[in-house]
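Quick note on the working numbering: the sequence shown kicks off at 21 and runs consecutively. Following: one structure in structure tokens, then a few remarks.
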Amino acid sequence: MDVSLRYKILFSIIFASVGFMIAIQFQSTQNSEQRDTRDLWEVRKELQNQQKVQQQLYNKIAELDEMIAQYEGQTQAAKVETLKESIQVLKREAGLTEVSGEGIVIKVTPIFQNIDSEQTYPSVSPGLLHRLVNELNTYGASDIAISSERITNVSPIRDVNGHTYVNNHPIPPLPITIKVLSENASRLLDYMQVSQSKDDFAIENLELEMSKREELTLPAYEQIPKLKYLEVENRETGES
């Protein structure tokens with residue numbers, strides 16, 4: 021492969037990664053502007069999430085600056101290896117690879133009360149899942165999977181004709197299992213045991229049963245993110 025082409029591919033990946041995170045932050049800002057009825061708790065969580073995304077963007081820019089500096093000083097063989105490693109890192113961060121590690125398992129089950137009136141079978145709304153995912157991220161989750169759906173920064177959680185969809189697939193009937201990886205699973209479990217989400221789910225007659233696991237495996241995100249308007253220019257600069 022031509023040296024200049026390798027450079028262009030690497031820089032395309034780098035700028036695509038930065039643009040990807042900027043797009044996420046822009047989308048989050050747009051969504052927050054459309055929600056006018058949020059309570060104080062939701063506003064605080066939204067602010068924390070946007071601050072976290074902004075900090076991640078700053079960290080990513082610093083990492084990419086360091087990567088470019090290292091790349092420019094390497095031999096041809098080392099450059100190829102660095103390029104391969106960079107691609108794998110980007111895939112891992114985007115959730116495109118299967119991942120394993122320590123974490124917690126959250127099982128969502130219905131609560132049936134002994135009352136005379138007929139009780140409607142509970143279901144998990146998109147709003148409840150959004151709050152739960154936000155809290156998990158706030159308290160140290162690194163990777164999340166709802167049932168068999170890997171959650172990424174662009175995963176849609178929405179209502180479709182009265183059914184909750186994740187990654188454009190309907191979630192299965194209760195009970196559903198949520199797997200979460202974390203560098204400190206014990207601390208995450210402690211936080212979630214007294215979290216606001218437990219109360220929110222209980223109000224909807226849903227219980228969150230949580231347990232720590234030494235080894236969990238989360239599936240890869242199946243839908244390939246589309247990067248528009250990204251091209252690799254094959255022609256050398258200055259050529260006609």
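A virtual CB, placed ideally from N, CA and C, is assigned to each residue, including glycine. Since we're looking at a predicted model, the values are computed, not measured.
>> Looking at the secondary structure, which residues open and close the beta strand (DSSP E) in which proline 130 lies?
In response: In this chain, the beta strand (DSSP E) harbouring proline 130 covers 119-130.
> What three-state label does DSSP hand valine 144 in the structure shown?
Replying inline: In the structure shown, valine 144 sits in coil (DSSP, three-state: anything other than H, G, I, E or B).
> Who are the Cβ neighbours of proline 130 in its own chain at under 8 Å, not counting the five residues just before and after it?
Replying inline: Tyr141, Pro142, Leu194, Pro195, Asn225, Leu226 and Glu227, listed in sequence order.
>> According to DSSP, is isoleucine 198 part of a helix, a strand, or is it coil?
In response: Looking at isoleucine 198 - three-state DSSP - the assignment turns out to be strand.
>> In this structure, how does DSSP classify glutamine 185 when only helix, strand and coil are distinguished?
In response: With the sequence shown as reference, residue 185 is identified as tyrosine, and glutamine is not the correct amino acid for it. Three-state result, tyrosine 185: strand.
> To the nearest angstrom, how far is it from the Cα of lysine 99 to the Cα of lysine 232?
Replying inline: For lysine 99 and lysine 232, the distance between alpha carbons rounds to 41 Å.
> Once you ignore the five residues that flank glutamine 213 on each side, which residues in its own chain have a CB closer than 6 Å to its CB?
Replying inline: The answer is none, since no qualifying residue turns up.
>> Closer than 8 Å is the cut-off here; do at least three beta carbon pairs connect the region 105-115 with the region 148-162?
In response: Verdict: no, contact absent.
> Is glutamate 234 near glutamate 122, with beta carbons less than 8 Å apart?
Replying inline: Contact: yes.
> How about serine 206 and serine 162: do their beta carbons lie closer than 8 Å?
Replying inline: Contact: no.
> Which one or two residues does DSSP pair with alanine 161 in a beta bridge?
Replying inline: Bridge partners of alanine 161: Ser202.
>> Based on DSSP bridge pairs, tell me the residues matched to serine 231.
In response: Serine 231 is bridged by DSSP to Val125.
>> Give me the residue from Asp210, Ser175, Glu242 and Val109 with the minimum Cα distance to glutamate 83.
In response: The closest CA to that of glutamate 83, considering only Asp210, Ser175, Glu242 and Val109, is found on Val109.
> Which residues bound the alpha helix (DSSP H) around glutamate 169?
Replying inline: Per DSSP, glutamate 169 belongs to no alpha helix (DSSP H); it is in the beta strand (DSSP E), 169-171.
> In the structure shown, what three-state DSSP assignment does valine 153 receive?
Replying inline: DSSP places valine 153 in helix when its eight states are reduced to three.
>> To the nearest angstrom, how far is the alpha carbon of glutamine 68 from that of glutamate 86?
In response: The straight-line gap from Cα to Cα measures roughly 27 Å.
>> Comparing C-alpha positions only, which one of Gln243, Glu229, Thr237 and Pro239 sits nearest to lysine 127?
In response: Ranked by Cα distance from lysine 127, the options Gln243, Glu229, Thr237 and Pro239 are led by Glu229.
>> If contacts are defined as beta-carbon pairs under 8 Å, then threonine 184 and valine 125 qualify, I think. What distance do you get, rounded to the angstrom?
In response: About 20 Å separates the two Cβ atoms, so there is no contact after all.
> If you count every other CB in all the chains shown that lies within 10 Å of the CB of serine 120, and 16 or more means buried, which is it?
Replying inline: By the Cβ-count criterion, serine 120 is exposed, with fewer than 16 other Cβ atoms from all chains shown falling within 10 Å of its own Cβ.
>> For tyrosine 241, count the other beta carbons within 10 Å of its own beta carbon; 16 or more makes it buried, fewer makes it exposed. Which is it?
In response: Buried, since its Cβ has 16 or more Cβ neighbours within 10 Å.
> Going by Cα to Cα distance, which pick from Ser167, Gln90, Leu148 and Ala89 is closest to leucine 236?
Replying inline: Ranking the options by Cα distance to leucine 236, first place goes to Ser167.
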